[in-house]
Every structure is written in C-alpha cells, then in structure tokens.
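Residue 135 in numbering that gives the first Met the number 0 sits at position 136 of the sequence shown, and the numbers go up by one each step.
For each residue, glycine too, the CB sits at the ideal point set by N, CA and C.
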Amino acid sequence: MKTYFFLGLMAISCAVVRAQQASDVGLQNRYIQLMKGSEQSDFRRIELRSDIDTTWFRWKERGYSFGFVPGKTPMYTTVDGILSTPYMIQVRGNVEERNKKRWGYHVFEGYAKDDKSRITMLVNKHVEAERPVAELYYYSTVYNHDETAYNWFKIGSDVRQHSFMFGRDKALFYGSLKLTNALTLGAIGKEDILTTKPAGDDEQNADNNARYVNYKELKSGGDGTIFYDKDRDIVVIKIKGKWMKVAVEALPDGVSYDF
Numbered sequence: 000m001k002t003y004f005f006l007g008l009m010a011i012s013c014a015v016v017r018a019q020q021a022s023d024v025g026l027q028n029r030y031i032q033l034m035k036g037s038e039q040s041d042f043r044r045i046e047l048r049s050d051i052d053t054t055w056f057r058w059k060e061r062g063y064s065f066g067f068v069p070g071k072t073p074m075y076t077t078v079d080g081i082l083s084t085p086y087m088i089q090v091r092g093n094v095e096e097r098n099k100k101r102w103g104y105h106v107f108e109g110y111a112k113d114d115k116s117r118i119t120m121l122v123n124k125h126v127e128a129e130r131p132v133a134e135l136y137y138y139s140t141v142y143n144h145d146e147t148a149y150n151w152f153k154i155g156s157d158v159r160q161h162s163f164m165f166g167r168d169k170a171l172f173y174g175s176l177k178l179t180n181a182l183t184l185g186a187i188g189k190e191d192i193l194t195t196k197p198a199g200d201d202e203q204n205a206d207n208n209a210r211y212v213n214y215k216e217l218k219s220g221g222d223g224t225i226f227y228d229k230d231r232d233i234v235v236i237k238i239k240g241k242w243m244k245v246a247v248e249a250l251p252d253g254v255s256y257d258f
C-alpha cells in the first residue's frame, strides 16, 4: 500500500511539474517569439516584448514616462548586460506614440551619472531653412528650453580646452577653423534685435527669443566681435569695447567676379 501511495505522489508531482513547465513555456512564448520571415519561408526572426502595466513604478519618473501613454506603451525591456551587434541598431517608432518616437521625436538618450541630464538625438521635430532637422544636444536637469538648460556638447576629443563645443546659442572652437567655401557674416539690422527677453518658454517664443539672443550676444561680445549692419551696409567690429566701422574699398581696375 505504501508503495502505491508513494507512486501516486510521484505521479502527482510529475504532473504538477509538467503543468508548471508548460505554463512557463507558454509565458516564454508570450514575450519571446520566433516569427516567420515570410509565409513561404521556414527561416525565423525573434521578437521581444513586455506587457503594458500602468502601475509600473518607473512610470512615476519623468525620464521614463514623459511623452508616453502608460495605457498604450509596454514597460521598458531591459538587457542586463552590454548590447553588441555586428550590424546596426535601428529606431523605427510605432503608431501608438506621438510622431512615432518617444517624447514625440527622440530616437536616442544617454544619461549622465545624475540619471537626469542626458544627451539626446531627435528627428523631425522642426523644419528650418526649408528642410527637416535632426538635432543632437546635451540637456541638463532644468527641463525647460532656456539657454541654461543646455550643456556643452563637445566634438573632436575628450581633452579639456581643445576641440569644438556647442551649446544652445554658442559655439566655442578651441581649434583652428579652415573653410573650403565662403564665410558670410551675420546680417543684423534693427528688425533683428530685441532688447528684452520675451516672457514664457523660449521654444514657444522662438522668433522673438532669437532676436533677443542677437542683442545679448552683440552686447556681451568681446573685442573682435564682428557683424554686417544691413541697415547701413557697413561691416562693424568691436575694438577695445567700442564698435568701429571696417574700412572697405572698391575692387581694383580689372578685377571682377562672375558671381
């Protein structure tokens, strides 16, 4: 009798294990799927997915939730290790998110040690100079569009006081600049200047704020600051804190250009 009882327990245990394994396989297939490349093909590709859960604790953090609708967006899928590929990483977006990208337009974010400031790459947020724009910047923790919200983004090296740095309204070049085409000075007139900063968000007041930036930079620009005064058709330069006219003269006889 004891033998039959023991065998019965073993059979029940095995059945429970098999049921659990079947359940685990079912869950695994829910989140890791092998998809056919095409209807007529036996080759497969992998899809990873996470559930939609509006109670996920990360949705309470702005860096995770801003721009997303937790009721439509799956929780983040985490790779707990270094991600490497011999091919490429591609961001396509999806129909649920505004403009198919996170936060509307972001395709990449890399966070600093404070876990709040970040480098950001986005696509097609703006159209400027008659063309769509891709943008890359280092955003601070201020979370607005003020000039101070954007840190320096350096290109060229990680050596202090070298290479080329870019901010929202400034570019600082430690290295020399060699052009293979023309250099055009900023043509600035009275209509391009605003002496007081507009109230409100700089993105919403972009045109007027750009005019204020012109004023601020010309006002604070040191010796050597130069621009073209389009109202008076003169080139002016700041020397010892004073604006002075650059002397120009007509081309010599026999010198002309076809452009």
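Kindly indicate which three-state DSSP category residue i falls into: helix, strand or coil?
i      : result
Asn207 : helix
Phe304 : Nothing about residue 304 can be read from this structure; the chain reaches only from 0 to 258.
Phe258 : coil
Ala18  : Note on Ala18: pLDDT 49, under 50, position unreliable in the model; no value is reported.
Phe152 : strand
Arg159 : coil
Arg43  : strand
Leu250 : coil
Report the residue from the options whose alpha carbon sits nearest the alpha carbon of residue i.
i      : options                           : result
Lys215 : Ile88, Asp191, Asn204 and Gly253  : Asp191
Gly166 : Tyr136, Asn180, Pro131 and Ala128 : Tyr136
Tyr299 : Ile45, Gln39 and Asn208           : No answer is possible for residue 299: it lies beyond the span of the chain, which begins at 0 and ends at 258.
Ala170 : Arg130, Tyr149 and Leu250         : Tyr149
Ala209 : His144, Thr84 and His105          : His144
Asn123 : Ala133, Lys35 and Lys241          : Ala133
Glu60  : Asp114, Trp242, Glu38 and Gly188  : Asp114
Gly220 : Lys241, Asp201, Arg231 and Gly36  : Lys241
Lys218 : Pro131, Asp201, Gly199 and Thr195 : Thr195
Val94  : Ile81, Val68 and Thr84            : Val68
Asp200 : Val141, Ser40, Pro85 and Gly174   : Val141
Ser175 : Thr183, Asn28 and Gln160          : Gln160
Phe152 : Glu38, Ala111 and Pro251          : Ala111
For residue i, collect the residues of the same chain with a Cβ closer than 6 Å to its Cβ; drop the 5 residues on either side in sequence, then sort them by chain order.
i      : result
Val254 : none
Phe163 : Ile154, Gly155 and Phe172
Asp168 : Glu146 and Val212
Leu204 : Sequence inspection shows Asn at residue 204; the Leu mentioned does not correspond to that position. Excluding residues within five positions, the ones whose Cβ falls inside 6 Å are Pro197.
Gly188 : Lys229 and Asp230
Trp55  : Met74
Met120 : Val106, Phe107 and Leu135
Gln32  : Glu46
Tell me which residues share the same chain as residue i and place their Cβ nearer than 8 Å to its Cβ, disregarding the 5 neighbours each side in the sequence.
i      : result
Tyr75  : Ser49, Arg57 and Tyr63
Asn207 : Leu193 and Pro197
Lys239 : Asp222
Val245 : Ile225, Ile233, Val234, Val235 and Ile236
I think residue i touches residue j, with their Cβ atoms under 8 Å apart; what is that distance to the nearest whole Å?
i      : j      : result
Thr53  : Gly70  : 6 Å
Tyr227 : Ala181 : At roughly 13 Å, the Cβ-Cβ gap does not stay under 8 Å, so Tyr227 and Ala181 are not in contact.
Pro73  : Ile88  : Not really, about 18 Å apart at Cβ, beyond 8 Å.
Ile236 : Thr224 : 7 Å
Val106 : Val90  : 4 Å
In chain order, what residues of the same chain have a beta carbon less than 7 Å from the beta carbon of residue i, not counting five sequence neighbours either side?
i      : result
Gly109 : Arg117 and Ile118
Lys35  : Arg43
His125 : Val132
Tyr104 : Asn98, Leu121, Val122, Asn123 and Lys124
Hey, is residue i's beta-carbon within less than 7 Å of any beta-carbon in chain B?
i      : result
Asp232 : The question asks about chain B, but that chain is absent: this structure has only one protein chain.
The ligand ATP heavy atoms versus the CB of residue i: any closer than 6 Å?
i      : result
Gly253 : Ligands in the displayed structure: none, and consequently the ligand ATP is not present.
Within the segment 163 to 247, note down every full alpha helix (DSSP H) run reaching 4 residues or more, in order along the chain. DSSP runs (the alpha helix (DSSP H)) wholly in the segment 163 to 247: 205 to 219.
Tell me the start and end of each unbroken beta strand (DSSP E) in the segment 65 to 150 that is at least 3 residues and wholly inside, in chain order. Segments of the beta strand (DSSP E) lying fully in the segment 65 to 150: 105 to 110, 117 to 127 and 130 to 138.
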